[in-house]
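Okay, so the sequence shown: first residue is 3 according to my numbering, each after it adds one.
Even for Gly, the Cβ is constructed at its ideal location relative to N, Cα and C.
The structure appears right after this line, and notes come after that.
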Amino acid sequence: MSKIQSIYCSFLFFCVVSPLISQSLVDPKASAETQNLYRFFKGNSTKGFLFGHQDDLSYGMGWKYTADSHKSDIKAVCGDYPGIFGWDLGHIELGKKDNLDSVDFDVMRMNIQYAYHLGAVNTISWHPNNPVTGGNAWDHTETVKYILPAGEKHALYKGYLNKVAVFLKSLVDEKGKAIPVVFRPYHEHNGSWFWWGENSCTTEEYVALWKYTVAYMRDSMQVHNLLYAYSANLYQSEQEYLKKYPGDEWVDILGLDIYDLPEYNIDYVKELPKDLKILADLGKKKNKVYALTETGANKLPKRDWWTESLLKNIKGTGIAWVLVWRNANQTQFFGPYPGQGSVPSFLEFYKSPESFFAKDLKKVYKSK
Ligand code: BMA
Numbered sequence: 003m004s005k006i007q008s009i010y011c012s013f014l015f016f017c018v019v020s021p022l023i024s025q026s027l028v029d030p031k032a033s034a035e036t037q038n039l040y041r042f043f044k045g046n047s048t049k050g051f052l053f054g055h056q057d058d059l060s061y062g063m064g065w066k067y068t069a070d071s072h073k074s075d076i077k078a079v080c081g082d083y084p085g086i087f088g089w090d091l092g093h094i095e096l097g098k099k100d101n102l103d104s105v106d107f108d109v110m111r112m113n114i115q116y117a118y119h120l121g122a123v124n125t126i127s128w129h130p131n132n133p134v135t136g137g138n139a140w141d142h143t144e145t146v147k148y149i150l151p152a153g154e155k156h157a158l159y160k161g162y163l164n165k166v167a168v169f170l171k172s173l174v175d176e177k178g179k180a181i182p183v184v185f186r187p188y189h190e191h192n193g194s195w196f197w198w199g200e201n202s203c204t205t206e207e208y209v210a211l212w213k214y215t216v217a218y219m220r221d222s223m224q225v226h227n228l229l230y231a232y233s234a235n236l237y238q239s240e241q242e243y244l245k246k247y248p249g250d251e252w253v254d255i256l257g258l259d260i261y262d263l264p265e266y267n268i269d270y271v272k273e274l275p276k277d278l279k280i281l282a283d284l285g286k287k288k289n290k291v292y293a294l295t296e297t298g299a300n301k302l303p304k305r306d307w308w309t310e311s312l313l314k315n316i317k318g319t320g321i322a323w324v325l326v327w328r329n330a331n332q333t334q335f336f337g338p339y340p341g342q343g344s345v346p347s348f349l350e351f352y353k354s355p356e357s358f359f360a361k362d363l364k365k366v367y368k369s370k
């Protein structure tokens, strides 16, 4: 290629291709850092995936956050923080000080800022209480139709969204710049345990809820630091995965939630690659980032789980990240902690060139 041709190609890339990349996001006004995060995911997924842990900085086995301690079970085990941190906004809609798992929202904000300062990524899910009954997210009484614009609980729902938007907009760095977040509302909708789940609303209602929520954040509340992730629980086919899909212009990232739990009644090591293959094929077809948005084996009974059950089945799949759920207490933990039986396997997983932890991340939010 001559010098002139190469200058012309770069010119074409910057004027034609790069605006197209940003235009393909749900939010055309997404901040530069948010667009860069998406580009980072795309580029990095050929090299490996970020490792993530829910509530990692807020509490762990036998400890709770105290100011400036920056404790983490993952760091205590491998000397490094996760590459992606998960948080949940459940109960913010009620105006509560703490979330549904007793995390103070001010602490959550500080931890999100700390994760950003480490160069790592933040992803936020939301388990809102049922706006019709006042029960929790698992109260799957029919609800969605009552909170849509024509419904009698619509004003209440808008109030919920206002509180979420205010929190998301408060996520800024020390210079006041917005911190990008992967927002993952209304997850596992193809299961029937949440009020937005399979048997509690129709496809039209779910899609309307998704679109209304996204448009409200983006257009009414002008929140511009979000990538939107849609994540389904186990599925058997692409068709099933897409049953309630709101459409390409409403989703940035495709997700899968799948657990290695006896009550799931699945053979995880068989099911995981099958579901991931469907997800990866779809991600490639749609040219979208895709991720293993929730997984884990409660209490980690298999000592080699990290290498044999997880790493073997996710390496080379192109997922942007894998996130394991929280370390709540002795009866519910998905991450290792010092002395736990799976630590040697986790350390092998950590050392794998494909797993990215915080120290591996340098330019997540930069344009190049
Ligand atoms: C579930 C459990 C609950 C928790 C909820 C929201 O999977 O971990 O204990 O309240 O997620 O984090």
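A contact is defined here as three or more CB-CB pairs under 8 Å, and the segment 291-311 meets this definition with respect to the segment 260-268.
CA-to-CA, the gap between Y83 and A139 works out to about 30 Å. Shortest gap from the CB of A180 to any heavy atom of the ligand BMA: 8 Å or more. Distance check between G257 and each of P338, D277, R305 places D277 closest, using alpha-carbon atoms only. Taking the Cα of G320 as reference, the smallest distance to any Cα among S47, V28, A32 is reached at S47.
Within the segment 194-274, the complete beta strand (DSSP E) segments at least 3 residues long are 228-235, 255-259, listed from N- to C-terminus.
D90 carries a strand assignment under DSSP once its states are collapsed to helix, strand and coil.
Looking from the CA of V271, the closest CA among L163, A69, W308, I114 belongs to W308. Judged by their CB atoms, Y292 and N38 are not nearer to each other than the 9 Å cut-off.
In the three-state DSSP reduction, P340 falls in the coil class, being neither helix nor strand. Judged by DSSP in its simplified three-state form, L150 adopts coil rather than helix or strand.
Taking each of K245, R305, Q238 in turn and checking the Cα distance to K279, the smallest one comes out for Q238.
Of the residues assessed, T333 falls on the exposed side of the cut-off, its CB having fewer than 16 other CB atoms within 10 angstroms. Annotated three-state conformation of Q332 is coil, per DSSP. Under DSSP, the beta-bridge partners assigned to Q56 are G88. Here K147 is actually not in contact with T205; their C-beta atoms are around 12 Å apart, not less than 8 Å.
For R328, the Cβ falls inside the 8 Å cut-off from some heavy atom of the ligand BMA.
Nearest neighbour of Y232 by Cα position, chosen from T215, L150, H226, D70, turns out to be T215. The shortest C-alpha to C-alpha distance from Y188 to any of A180, P182, G199 is the one to G199. Here H119 is exposed. Its C-beta has fewer than 16 other C-beta atoms within 10 Å. The straight-line gap separating the alpha-carbon atoms of T68 and A152 is approximately 45 Å. L349 is bridged by DSSP to nothing; it lacks a bridge partner. When DSSP assignments are scanned along the segment 116-189, the uninterrupted stretches of beta strand (DSSP E) that are 3 or more residues long and fall wholly within it turn out to be 123-127, 183-186. Annotation: L27 is outside any beta strand (DSSP E) and is labelled neither H nor E by DSSP. Collapsing the DSSP output to three states places T297 in a strand. The ligand BMA never approaches D58 closely enough for any of its heavy atoms to be under 8 Å from the residue's Cβ.
Around the C-beta of Q56, 16 or more other C-beta atoms lie within 10 Å, and the residue is accordingly described as buried.
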